[in-house]
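Beneath this line is the structure, given in C-alpha cells, with notes to follow.
Residue numbers (full-length UniProt numbering): 1 to 327.
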C-alpha cells in the first residue's frame, strides 16, 4: 500500500542522535514530502545585505528535518532514497563568512549575494551578473540516517551514514543508498541547494528553502555487504531538457590545476588559480570570483598516484558565460 505524509519545517533537529524520538513511523515504500528550511535556518532573507551576516548564528546551521522511523529497517539493511521532486524557493543566497571556506585566510571580509531563482526558473538558470548564467540544479545537501554510536553528532560534516554529503549529483531522478545502523534507520534531510560546484569552495552553495518529495524503501539482503557508505545512482537523462537550455554544446570548461603533497593545499592552489583567471580574464571582483567558484566550479582530483604530489583541478564550465562582456 502506498503512503504519503508531509513533514513541516518545524520538525527538525540540529544533531544526529539515535535517541531522538521519531516524528513519524512509516512502512517501507512510503512517499514523503518535506518543507525544508534552508541550510542557514532561514536567517538570510531576500532583502538581507552583507551587514546581516554579522548576526548569523552558526549554532543554527544545517538543520535536518526528521527523524523518520521506517518500521522494517534493521541494522545491516540498506535504505533506498528515491529523489522524486525538488523545488526551490523564489530566492537563494551565497555568503562568504570570515574564517570559513577553503580560502578563509585569504577572504576575511563578509560578502553576500542574493539570487533570483524565480524569473528564469523555466529556462533553468539564475543570473549571477548580466552576462553570467548559473544553471539551477537543485539537490539536498543533507540526506542521512542515524549513526550507531550513542550521543550527539553535528549535522555539519558528512558521515558513512550520509548527513551533509553536499553531493550535487543526487538530484531529481537520482537514487541514494545508505547503510542502516540503527532500528528504524531514523532518516532526516535538509540543506536545500539550487546549485553548487564540486567542493563548495567558499563554504556555501546557492542556499535555499525547498519543497521535496522522496520515497523511502528498505532493501534487505541486497547490497548490504558493500553499501558501507553513501552510494548513488543517477538517471542518464535527468535534467537533460533543462540543461540543454543552459549549456551550449562544445564550449568546454576552463580549469586551474593545483599541485602539492598536501591534498587540501593542492585544492587551495587550484581554487586560487581559477579565481585569478576569473579576475584577470573576465574582470570579476575577487569576492565575485570566489562565489562563482563555489556555485559553478568543480574540484576534481586528477592525479593521486604519483606521490608525493596530488594534482587537483578546479574547473568551470564556459557555458555560464552567455553575454558581453564575458563572451
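For every residue, glycine included, the Cβ atom is placed at its ideal position computed from N, Cα and C.
Subject >> Boundaries of the alpha helix (DSSP H) in which residue 132 is found, first to last residue >> reply: No alpha helix (DSSP H) holds residue 132; the beta strand (DSSP E) holding it covers 132 to 135.
**OP:** Compare the C-alpha of residue 149 against each of 156, 161 and 32 and name the closest.
**Re:** With respect to the C-alpha of residue 149, the residue from 156, 161 and 32 having the closest C-alpha is 161.
Original post:
Which two residues bound the contiguous beta strand (DSSP E) that contains residue 24?
Top reply: Looking at the DSSP string, the run of the beta strand (DSSP E) that includes residue 24 is 24 to 26.
Original post:
From this set, 18, 83 and 13, which residue's C-alpha is nearest residue 234's C-alpha?
Top reply: For residue 234, the nearest C-alpha among the options comes from 83.
**OP:** Mark residue 270 as exposed unless 16 or more other C-beta atoms lie within 10 angstroms of its C-beta, in which case mark it buried.
**Re:** Classified as buried, residue 270 has 16 or more neighbouring CB atoms from the shown chains inside 10 Å of its CB.
Original post:
Between residue 79 and residue 218, is the Cβ-Cβ spacing less than 8 Å?
Top reply: Yes, they are a contact pair.
Original post:
When burial is assigned at 16 or more other CB atoms within 10 Å of the CB, is residue 146 buried or exposed?
Top reply: Residue 146 is buried by the Cβ-count criterion.
Original post:
Counting only runs that start and end within the stretch 183 to 240, where is the beta strand (DSSP E) found for 3 or more residues in a row?
Top reply: As far as the stretch 183 to 240 is concerned, its whole beta strand (DSSP E) runs of at least 3 residues are 187 to 193, 210 to 219 and 231 to 233.
Original post:
Going by alpha carbons, who is nearest to residue 167 out of 266, 14, 295 and 320?
Top reply: The residue with the shortest Cα to Cα distance from residue 167 is 295.
Original post:
What are the boundary residues of the beta strand (DSSP E) that includes residue 318?
Top reply: Secondary structure note for residue 318: it is in no beta strand (DSSP E), with a DSSP letter that is neither H nor E.
Original post:
Buried or exposed: residue 151, going by 16 or more other Cβ atoms within 10 Å of its Cβ?
Top reply: Around the beta carbon of residue 151, a 10 Å sphere encloses fewer than 16 other beta carbons of the protein chains shown; the residue is thus reported as exposed.
Original post:
Candidates 174, 259 and 251: which alpha carbon is nearest residue 214's?
Top reply: Out of 174, 259 and 251, 174 has the C-alpha closest to the C-alpha of residue 214.
Original post:
Is residue 47 buried or exposed, if buried means 16 or more other CB atoms sit within 10 Å of its CB?
Top reply: That one is exposed.
Original post:
For residue 12, is the classification buried or exposed, using 16 other Cβ atoms within 10 angstroms of its Cβ as the cut-off for buried?
Top reply: By the neighbour-count rule (16 or more Cβ atoms within 10 Å), residue 12 is buried.
**OP:** State buried or exposed for residue 6, treating a residue as buried only when at least 16 other CB atoms are found within 10 Å of its CB.
**Re:** With fewer than 16 other Cβ atoms from the protein chains shown falling within 10 Å of its own Cβ, residue 6 counts as exposed.
Original post:
Could you give the residue range of the alpha helix (DSSP H) that holds residue 143?
Top reply: Residue 143: not part of any alpha helix (DSSP H); member of the beta strand (DSSP E) spanning 139 to 145, first to last residue.
Original post:
Where residue 157 and residue 164 are concerned, what is the direct C-alpha to C-alpha distance, given to the nearest angstrom?
Top reply: When rounded, the distance between both Cα atoms is 5 Å.
Original post:
If we count the other Cβ atoms within 10 Å of its Cβ and call it buried at 16 or more, is residue 113 buried or exposed?
Top reply: Classification of residue 113: buried, given that the 10 Å Cβ count is 16 or more.
Subject >> Span of the beta strand (DSSP E) around residue 127 >> reply: Note, residue 127: beta strand (DSSP E), 125 to 129.
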